[in-house]
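Counting in the numbering used here, the sequence shown runs from 475 upward without gaps. C-beta atoms are modelled at their ideal positions from N, C-alpha and C, and glycine is treated no differently.
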Amino acid sequence: MAPSFPLFTDYEPFRIWRADPAQWLPIALDIARSHGLACATPHIFGTGTNLVVALDDKLILKIFPPFLRSQFVSERGALAQLRGQLRIAIPETVVEGERDGWPYLVFTRLTGVLGADAWPSLPEADRERVLAEIGETIAEVQRVPAGPLASIGPGWDALMRRQMEGCRARHARLGLPEKFLDGLDALLRDAAALTAPDGAPVILTGEYIPENFLLSRVASGWRLAGLIDFGDVMTGRGEYDLLGPSAFMTAGMPRRVRSLFEGFGYSAADITTDLKRRLMALMLLHRHSDPVRHICIEGWQQKAADLRELQDLLWPV
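As structure tokens, this is what we get:
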């Protein structure tokens, strides 16, 4: 009798169960065998949200619990919409299916070194080059027509309204210092205008961070080689996707910031006070916003006295 998945309705019990691969790897391997896929040496990926296992050196199986079906819809739709549209590699779907109400995808495994592993040791010139290529890739993704991805819920306007309503409580709970909370109400009063799309909503991943891209080393240095993880794809205002690299990678260093923004299509002259304020609003309203843990600038809480100084620290010119 084929093994079955248990029933989960929220994340925490699933997270505990997921942490013990003996609970779910036999089911994953049974799924692979049901499609005739080789899985002699499976490799479990311990990070991330869903169940992810490399079946071999060519294929990845990703399984989504029913309460995260929206991530399956986003990933499946994004891989289909972006296929053949980008200069860098993305996974290609090989199989899709469902077991006990748990949807899954099998897609090709990309070659390269995970950004999270390579980034800490990259020379500064390579970091600037990679950031420029990330900016270029963000812009390239956003030039692809949204197509069916435009219907992915909750929709940009609804998401922004929801994030605005819970913004102050969320950041207080996550430990944002009072001196930054003091400026939040004024920013939120203008947030609807600041975050409104300036044209047709574009494809967003919300996740251009080292855990979600692959790098390769060539004669000229390290280059961006591939993108992975499209479970949070939605559509909205394009600058939203500058936030991941801004928080995790640019470190408030002017040359890195310029590299990212110039790759995206903005000049240094475009990084105005108005743009910084919009980016600050978007960062605080991001669906995964947690500045205390995500801003990778040493001592930033002491270096900035308020949100205005924080936006200048994040996006210097």
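Residue nearest to residue i in terms of C-alpha spacing, selected from the options
i	options	result
residue 659	646, 671, 670	646
residue 515	589, 743, 530, 674	530
residue 570	553, 702, 561, 766	553
residue 691	592, 486, 528, 679	592
residue 752	726, 773, 663, 507	663
residue 617	676, 633, 724	676
residue 561	599, 613, 544	613
residue 517	651, 528, 631	528
residue 685	519, 648, 711, 749	519
residue 770	594, 642, 748, 672	594
residue 521	588, 480, 747	588
residue 651	510, 708, 706, 777	777
residue 705	732, 483, 510, 627	627
Residue i, DSSP secondary structure in three states
i	result
residue 740	coil
residue 692	strand
residue 707	coil
residue 571	strand
residue 576	strand
residue 722	helix
residue 557	coil
residue 481	coil
residue 583	coil
residue 592	helix
residue 778	coil
residue 752	helix
residue 603	helix
residue 761	coil
residue 773	coil
Whole-number beta carbon distance between residue j and residue i, since they are thought to touch under 8 Å
i	j	result
residue 602	residue 489	Actually they do not touch by this definition, with Cβ atoms about 36 Å apart.
residue 765	residue 726	Contact doesn't hold; Cβ gap of about 13 Å is too wide.
residue 800	residue 615	Since the first residue of the chain shown is 475 and the last is 791, residue 800 is not available in this structure.
residue 754	residue 787	Not quite, the Cβ-Cβ distance comes to about 11 Å (not below 8 Å), so this is no contact.
residue 785	residue 750	4 Å
residue 492	residue 525	6 Å
residue 642	residue 655	7 Å
* Looking at C-beta atoms only, is the number of pairs between the region 490-499 and the region 556-575 that lie closer than 8 Å three or more? -> no
Do three or more CB pairs link the region 627-641 to the region 757-767 at distances below 8 Å?
yes
ask   = Can you give, in chain order, each stretch of the alpha helix (DSSP H) that sits fully within the region 489-542 and has at least 4 residues?
value = 499-508
For the region 590-609 against the region 734-752, do three or more pairs of beta-carbon atoms, one drawn from each stretch, fall closer than 8 Å, so that the two count as touching? yes
Check whether the region 709-719 touches the region 548-556, taking contact to mean three or more Cβ pairs, one atom from each stretch, closer than 8 Å. no
(message) Using 8 Å as the cut-off, can you tell me whether the region 654-669 makes contact with the region 685-705, which would need three or more C-beta pairs spanning the two stretches below that distance?
(response) no
**OP:** Write down every uninterrupted run of the alpha helix (DSSP H) in the region 606-692 whose length is 4 residues or greater and which is fully enclosed by it, in chain order.
**Re:** 630-639, 641-647, 652-655, 658-663, 665-669
Would the region 524-540 count as touching the region 499-513 if we require 3 or more Cβ pairs under 8 Å? yes
**Study point:** At least three beta-carbon pairs within less than 8 Å, the region 575-593 to the region 699-706
**Key:** yes
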